[in-house]
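To convert, note that position 422 of the sequence shown is 408 in this note's numbering; the numbers rise steadily by one, no gaps.
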Amino acid sequence: MREISRRVALKAGLSFTISAATVSFASAHPNNDDIEPTDGLSPTKDAFASRAQNSVEYWNDVSLELVANDHTIEVGQARAPGPVASARALGLIHTVIADAVALAYPDPLFKPFLFRDALNDTPTSPASFVGGACAAIMSHIYDGPEHEVYLRTKRTEFLRMVGLRHRRAWLQGQQFGSHSVYRDKWNWPDIRARIDNKNHKYVIEPRRHSVDPFNPDQGYYGHSWGVEPAPLVLSKEEVTKKIKDGGCAPPDPPSIGSPEYQRDLEDVKLVGELLGGAESAHRTREQVLPGIFWAYDGAILIGTPPRQYNQFVRQVARADKLGPRRLSRLLALCNLAMSDAGNVAWHAKYLHKVWRPVRGLNPDLPEHPAKEDIKWVPHGSPRTNRADFAFFMPFSEETELQSMVSLAAKEQETAQSLLGGTPKPSTQDPDPAYKAAAFTPNFPAYPSGHATFGTACFTMLRLVRGERFADPAWVNIRRFTSDELREEAVDNFEPKVRDIRPDDFLDLEKAIEDNSRSRVYLGVHWQFDADGGREAGESVAKVIHAKAYTK
């Protein structure tokens, strides 16, 4: 079977993502100060092959594919939809991986986090043990029929790569990953109730957050997410207390009409506006591309921001030549930081209920506004790969196809609809063409989720690298590519494939700044949202780094 490009996958409706290119700059960094074990895995050229060199890379790849798949299939089949649920799923999966590595590999570098008992028998194959553990927790989280098809394929591929002679270690891992200390952290009925954008008790207050006027049927995602479900590392007090009081919550946002608010209002009014309308969107490269680069707003085949931040961390880790022990700890800490950052950000969001620019710059709209009532229109979160464009485009490539998810129907609702981007028009939509292309996310603005997740992840990356490198922020990542801006992503305003636009990141501060600022360029956030998210994310990373996976 020939390899499938993303463009061909788009035509067939497959959820298929391509790993970021491996970048090596070994000359700029010292070798590991310990001998890292290898698993003996090698890449294959199978259609579903991973670029993995060890079991940790392999299952990280699988976890990121699950996030993309979850936002491609029908919304009712999704199992960790949207940013807070997908971040928690990734946090739990990578905790299982790191705990399994700490117990199964010789000469452990760190203490397990959740599982503190000793194993009854030492696994004969650490790689098989880790794989079995990871597959078990993934099957617990992603238990829908669509996910099972994909997971069965990856389990079979992995066992073929490590060798069936290690099946006993695999079964040991399955038992380990099914332990209640992990399974109890994922209660799907409770999670579904907390993120359901329709079943909510949200009370609309004057000059506070309410639905996007272009998407009046969107509801409120994550309306009761915060101190519950219980964070994986932080205490509930650390979620709710402000940073100045010893917690991780951001400071209060500026009040409407204050100098800071007015400054940021003029800022987003200028840089975040959609010019020309949905039918003829005039967007400058300098302003819009950074916003699209970091979007990952639950789009088909793309998923949520934590997936992109994992892609970035993996590129740094490959350049640093991390083996399974160091890599498992790094990924666990980064994903735990993002999981609990979701608790902190969403608690603050629904506490402060700050409205989005589309409301703040159109403050006196009627209940059902017409198109002419809305004077300022944001670029909006892009509905990249929208089904009416992506799945019905006349791609020229022909190849054998193998589906792991169902073909997306033209009007099928994916998990992006939970975040405010539903494809179904209604009689109340003031601009159906805009609604089909973009939306403002359906949860309050302050703090920015992107800024909180991204800063938590990249600050953790800096803290972990600081244990070994004198200048841990210097990463020298060249040509990092976003799934939003590659030659296999279909634009949201016009049915054409976007050009590839990689970016260079010499240090982590650029990644933090660009990611945080990107939401202002799309017109879905105020700059103070980004600033508050950065403060909260940095605090979350520091607290978790001191608590989890200590040496």
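Each residue gets a CB set at the ideal place from its N, CA and C atoms; glycine is no exception. Since we're looking at a predicted model, the values are computed, not measured.
Query	Result
Cα-Cα, which of 202, 286, 44 is closest to residue 53?	286
Taking the Cβ atom as the reference point for each residue, do residue 69 and residue 56 lie within a distance shorter than 8 Å?	no
Here's the rule: buried if 16 or more other CB atoms are within 10 angstroms of the residue's CB, otherwise exposed. What is residue 356?	exposed
For the alpha helix (DSSP H) containing residue 83, name the first residue and the last one.	68 to 90
What's the gap between the Cα of residue 223 and the Cα of residue 233?	7 Å
Inspect the CB distances between the stretch 214 to 223 and the stretch 164 to 178 and report whether three or more fall short of 8 Å.	yes
What are the boundary residues of the alpha helix (DSSP H) that residue 157 is part of?	153 to 163
Rounded C-beta distance between residue 470 and residue 282? I'm assuming under 8 Å.	7 Å
Using 10 angstroms around the beta-carbon of residue 107, count the other beta-carbons present and answer buried if the total reaches 16, otherwise exposed.	exposed
In its own chain, which residues sit with a C-beta less than 7 Å from the C-beta of residue 531, not counting the 5 before and 5 after it?	319, 446, 449
Does DSSP put residue 435 in a helix, a strand or coil?	helix
With the cut-off set at 8 Å, would you say residue 477 and residue 484 are in Cβ contact?	yes
Take residue 336 as the anchor and find which of 299, 429, 310, 414 has the nearest alpha-carbon.	429
Skipping 5 residues on each side, what residues in its chain have a beta carbon closer than 6 Å to that of residue 492?	462
Verify whether the separation of the beta carbon atoms of residue 64 and residue 376 is less than 8 Å.	no
From which residue to which residue does the beta strand (DSSP E) around residue 461 run?	460 to 466
Taking residue 333 as the reference, give the member of 258, 131, 130, 181 with the closest Cα.	181
Using a 10 Å radius around the Cβ and a threshold of 16 neighbouring Cβ atoms, would you call residue 189 buried or exposed?	exposed
Using 8 Å as the threshold, is the stretch 434 to 441 in touch with the stretch 415 to 426, meaning 3 or more CB pairs across them?	no
Between which two residues does the beta strand (DSSP E) carrying residue 115 extend?	Note, residue 115: premise wrong, no beta strand (DSSP E); alpha helix (DSSP H) at 112 to 127.
Which whole runs of the beta strand (DSSP E) in the stretch 168 to 196 are 3 residues long or more, in chain order?	none
Under three-state DSSP, which class holds residue 259?	strand
Have a look at residue 363 and residue 317 and give me their C-alpha separation to the nearest angstrom.	38 Å
Using a Cβ-Cβ cut-off of 8 Å (strictly less than) and excluding sequence neighbours within five positions of residue 507, which residues of its own chain qualify?	257, 258, 273, 274, 276, 277, 365
Considering residue 517, what are the terminal residues of the alpha helix (DSSP H) in which it resides?	513 to 533
Name, in chain order, the residues that DSSP records as bridge partners for residue 289.	285
Along the chain, where does the alpha helix (DSSP H) that runs through residue 52 open and close?	41 to 56
So for residue 230, helix, strand or coil by DSSP?	helix
From what residue to what residue does the alpha helix (DSSP H) around residue 479 run?	Taken as a continuous stretch (DSSP letters only), residue 479 belongs to no alpha helix (DSSP H), as it is neither H nor E.
Quick check on the burial criterion: 16 or more other C-beta atoms within 10 angstroms. Buried or exposed for residue 187?	exposed
Please tell me whether residue 497 and residue 99 are closer than 8 Å, where the distance is taken between their beta carbons.	no
Let me check one thing: in DSSP terms, what residues is residue 375 bridge-paired to?	Looking at the DSSP assignment, residue 375 forms no beta bridge with any residue, so it has no partner.
Residues in the same chain with beta-carbon distance under 7 Å from residue 421, minus the five sequence neighbours each way, listed in chain order, please.	200, 201, 411, 415
Please confirm if the stretch 507 to 521 is in contact with the stretch 301 to 316, defined as three or more CB-CB distances below 8 Å between the two stretches.	no
Note the first and the last residue of the continuous beta strand (DSSP E) segment covering residue 492.	489 to 493
Cβ atoms of residue 502 and residue 441: under 8 Å apart, would you say?	yes
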